[in-house]
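Scroll down for the structure; my scribbles are underneath it.
Protein chains: 2
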Amino acid sequence: MRDFSSDHRWLSINTATVRRQHGRDWCLLDILDACAARGIRAVSPWRDQVAAAGLTNVATRLKTHGIELSGYCRGGMFTYADEAGRQQVRDDNLRALDEACTLEAPCLVLVVGGLPGALAGRPAHHDIAGAREQVREGIAWLLEQARARRMPLAIEPLHPMYAADRACINTLAQALDLCDALDPSRSGALGVAVDCYHVWWDPLLQQQVARAGRERLLAFHVCDWLVPTSDLLEDRGMMGDGIIELPKIRGWVEAAGFGGYSEVEIFSRANWWQRDGGETLDVCIERHCRSV
Amino acid sequence: MRDFSSDHRWLSINTATVRRQHGRDWCLLDILDACAARGIRAVSPWRDQVAAAGLTNVATRLKTHGIELSGYCRGGMFTYADEAGRQQVRDDNLRALDEACTLEAPCLVLVVGGLPGALAGRPAHHDIAGAREQVREGIAWLLEQARARRMPLAIEPLHPMYAADRACINTLAQALDLCDALDPSRSGALGVAVDCYHVWWDPLLQQQVARAGRERLLAFHVCDWLVPTSDLLEDRGMMGDGIIELPKIRGWVEAAGFGGYSEVEIFSRANWWQRDGGETLDVCIERHCRSV
Chain A
222 MRDFSSDHRW LSINTATVRR QHGRDWCLLD ILDACAARGI RAVSPWRDQV AAAGLTNVAT
282 RLKTHGIELS GYCRGGMFTY ADEAGRQQVR DDNLRALDEA CTLEAPCLVL VVGGLPGALA
342 GRPAHHDIAG AREQVREGIA WLLEQARARR MPLAIEPLHP MYAADRACIN TLAQALDLCD
402 ALDPSRSGAL GVAVDCYHVW WDPLLQQQVA RAGRERLLAF HVCDWLVPTS DLLEDRGMMG
462 DGIIELPKIR GWVEAAGFGG YSEVEIFSRA NWWQRDGGET LDVCIERHCR SV
Chain B
222 MRDFSSDHRW LSINTATVRR QHGRDWCLLD ILDACAARGI RAVSPWRDQV AAAGLTNVAT
282 RLKTHGIELS GYCRGGMFTY ADEAGRQQVR DDNLRALDEA CTLEAPCLVL VVGGLPGALA
342 GRPAHHDIAG AREQVREGIA WLLEQARARR MPLAIEPLHP MYAADRACIN TLAQALDLCD
402 ALDPSRSGAL GVAVDCYHVW WDPLLQQQVA RAGRERLLAF HVCDWLVPTS DLLEDRGMMG
462 DGIIELPKIR GWVEAAGFGG YSEVEIFSRA NWWQRDGGET LDVCIERHCR SV
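These protein sequence lines map, in sequence, to chains A and B. Residue numbers are given in our numbering: position 289 of the first sequence equals residue 510, and the series is strictly consecutive. Residue numbers are given in our numbering: position 271 of the second sequence equals residue 492, and the series is strictly consecutive.
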């Protein structure tokens with residue numbers, strides 16, 4: 222297992238972590254400058270942040286600083302209620318793929334979607350098995366497009382508390398079953414993003430991480446589960462402030478062959494998004510060395 | 222599958238559903254009167270409500286009304302930080318067992334506990350595998366006591382969002398593995414409580430319900446998952462107001478041999494606990510017939 226204690230060469234910042242500072246949006250270009258100033262070598266930006274700053278501007282700034290991506294957030298949201306929705310999903314995912322290529326991401330992360338319309342509070346139906354079937358079809362279709370672009374897809378299983386509205390792939394086993402069905406040769410074109418926040422509770426986690434192996438482990442995300450947690454979405458904790466055994470899980474992931482970045486992704490409306498972004502980055506560096 | 226549409230003979234009220242009305246505690250004895258007045262044949266009371274009303278008073282009132290129990294809530298919370306804590310857990314579970322016997326419950330429901338101290342916001346450690354081992358030992362010990370009293374134990378897997386602080390048994394498969402280990406002969410002394418709120422998201426649910434079978438299916442709980450859900454604990458929905466496919470799941474449970482009560486358990490600080498308890502019971506009856 223790699224020693225993270227003395228430097229932060231394997232730290233990546235998911236830019237949602239500092240998307241807001243003092244409660245206001247922080248421009249992605251300024252975030253990149255702040256990362257570069259701290260010797261942070263990798264980021265994973267969100268599409269809306271890229272769009273707000275301009276795709277070309279972001280690509281140029283990344284090159285200027287020599288910052289690479291640990292992933293691109295995100296494609297997916299494959300479920301739909303009608304034919305127009307289906308086409309919209311495909312168009313949007315193609316754009317996400319192309320952006321990932323422009324930014325030379327190592328993978329496009331997929332948050333697969335829940336019941337169509339549920340995120341807006343108006344689910345079109347309650348058939349989660351049907352939603353899962355749409356997800357399977359959506360990934361199968363996107364995989365062909367992604368192979369042509371040599372852009373790996375990373376399915377991110379989300380915590381079961383998001384099954385209704387954000388992602389109906391909720392365990393690592395379920396994601397890996399899908400990978401095995403769609404990419405049986407383990408070609409490297411399809412794998413998973415293991416976010417400790419979503420999977421830490423799973424009694425099968427160690428076993429499934431081993432099953433995934435190097436070919437399927439495309440990204441590794443960290444933050445912490447706070448006790449108590451006050452909000453289902455935006456109360457994630459800084460590493461070391463909660464109860465997830467991050468070093469243990471990182472040990473499993475590395476034993477399975479993963480040697481990439483440890484990406485910090487924290488949504489924290491009441492705490493970290495209220496602070497200065499530079500301060501948050503400094504604490505990410507410190508905790509990366511001490512608690513991951 | 223039984224027809225629930227024309228009467229509510231298979232409705233049970235978990236009394237937490239009406240533990241508060243107009244934001245104030247509603248006495249369990251009055252709850253029992255209100256249930257009897259509506260022809261509700263079964264309830265599942267919580268220990269704190271029983272203690273507040275007096276165990277003997279509750280037993281008498283149940284007999285007066287001819288109301289039976291669909292379960293007793295609850296034993297468990299098996300995890301501990303030191304030897305004193307271990308003894309406390311055992312003493313408390315013995316009391317719960319004896320109360321369940323006095324009330325002639327068909328089973329004692331077990332919410333197994335998370336990291337010791339986490340519910341109070343001060344986890345003694347972060348070792349969830351260790352907590353799971355304590356749970357296993359705790360249930361093994363309690364099972365001997367329960368067998369002597371002929372009181373079945375029902376392990377209730379809780380939603381993974383409660384893994385840290387309330388229950389580290391989080392899937393039906395995990396609960397059934399424990400049952401198979403501790404009661405391989407499927408004697409009826411150990412089984413599960415299937416609460417749709419906790420398990421609806423599980424892609425293995427249908428398969429594991431079938432695996433459980435009649436001997437292991439000791440209780441069936443319903444409510445609904447609201448979209449959006451505003452609170453991790455106290456924002457459960459009335460059946461029909463959310464996205465859980467309750468009739469589908471009940472079909473699976475009945476196909477596996479379950480023929481008992483459908484127990485409504487709703488924690489709802491901002492909605493149902495603010496209403497009149499009688500109104501809530503009326504809506505439970507209506508939705509039992511229409512949405513379960």
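By construction, the Cβ of each residue, glycine as well, lies at the ideal position given by its N, Cα and C atoms.
Using the beta-carbon count (16 or more within 10 Å), is Gln-270 of chain B buried or exposed? buried
Between the Cα of Phe-299 of chain A and those of A:Gln-395, A:Arg-230, A:Leu-502 and A:Gly-351, spot the shortest distance and give me the residue it belongs to. A:Gly-351
Using 9 angstroms as the limit for Cβ to Cβ distance, is Ala-384 of chain B near chain A? yes
Cβ of Trp-362 of chain B less than 9 angstroms from any chain A Cβ? no
Beta-carbon separation of Gly-498 of chain A and Ala-255 of chain A under 9 angstroms? yes
Just verifying my parser: in three-state terms, what is the DSSP assignment at Cys-322 of chain B? helix
At what residues does the alpha helix (DSSP H) containing Cys-510 of chain A begin and finish? 498 to 512
By the three-class DSSP mapping on this structure, what secondary structure does Tyr-418 of chain B have? helix
Where do the N-terminal and C-terminal ends of the beta strand (DSSP E) with Leu-453 of chain B fall, by residue? No beta strand (DSSP E) contains Leu-453 of chain B, which DSSP labels as neither H nor E.
Would you list, in chain order, the members of the region 272 to 302 of chain B that have their beta-carbon closer than 7 angstroms to a beta-carbon of chain A? none
Can you list, in chain order, the residues of its chain with a C-beta nearer than 6 angstroms to that of Gly-412 of chain A? Leave out the 5 residues immediately preceding and following it. Ala-375, Arg-437 and Leu-439
Three-way DSSP call (helix, strand, coil) for Arg-295 of chain B in this model: strand
Could you give the first and the last residue of the continuous beta strand (DSSP E) run that contains Ile-376 of chain B? 374 to 376
Partner residues on chain B for His-347 of chain A, Cβ-Cβ distance less than 8 angstroms: Ile-464, Ile-465 and Glu-466
Since Glu-466 of chain B is in the alpha helix (DSSP H), which residue starts that stretch and which ends it? Taken as a continuous stretch (DSSP letters only), Glu-466 of chain B belongs to no alpha helix (DSSP H), as it is neither H nor E.
Just to confirm my understanding: we take Tyr-482 of chain A, look at its own chain, exclude 5 residues before and 5 after, and list those with CB closer than 6 angstroms. What are they? Trp-231, Ser-233, Ala-263 and Ser-291
Taking 9 angstroms as the cut-off, decide whether the C-beta atoms of His-229 of chain A and Ile-506 of chain A are in contact. yes
Cβ distance (whole Å) where Leu-467 of chain A is taken to contact Asp-456 of chain A below 8 angstroms: With 8 angstroms as the limit, Leu-467 of chain A and Asp-456 of chain A do not qualify as a contact, their Cβ atoms being about 18 angstroms apart.
DSSP three-state label for Val-219 of chain A, please. No information on residue 219 of chain A is available, as it lies outside the stretch 222 to 513 that chain A covers here.
Taking the straight line between their C-alpha atoms, what separation do you get for Glu-486 of chain B and Arg-496 of chain A? 40 angstroms
Locate the alpha helix (DSSP H) running through Ala-431 of chain A, then write down its first and last residues. 426 to 437
Specify the secondary structure class of Glu-484 of chain A as computed by DSSP and reduced to three states. strand
Report the rounded CA-to-CA distance for Pro-344 of chain A versus Gly-338 of chain A, giving the unit in angstroms. 4 angstroms
Can you name the start and end residues of the beta strand (DSSP E) that Val-330 of chain A belongs to? 329 to 332
Inter-residue spacing [alpha-carbon to alpha-carbon] between Cys-328 of chain A and Pro-266 of chain A: 12 angstroms
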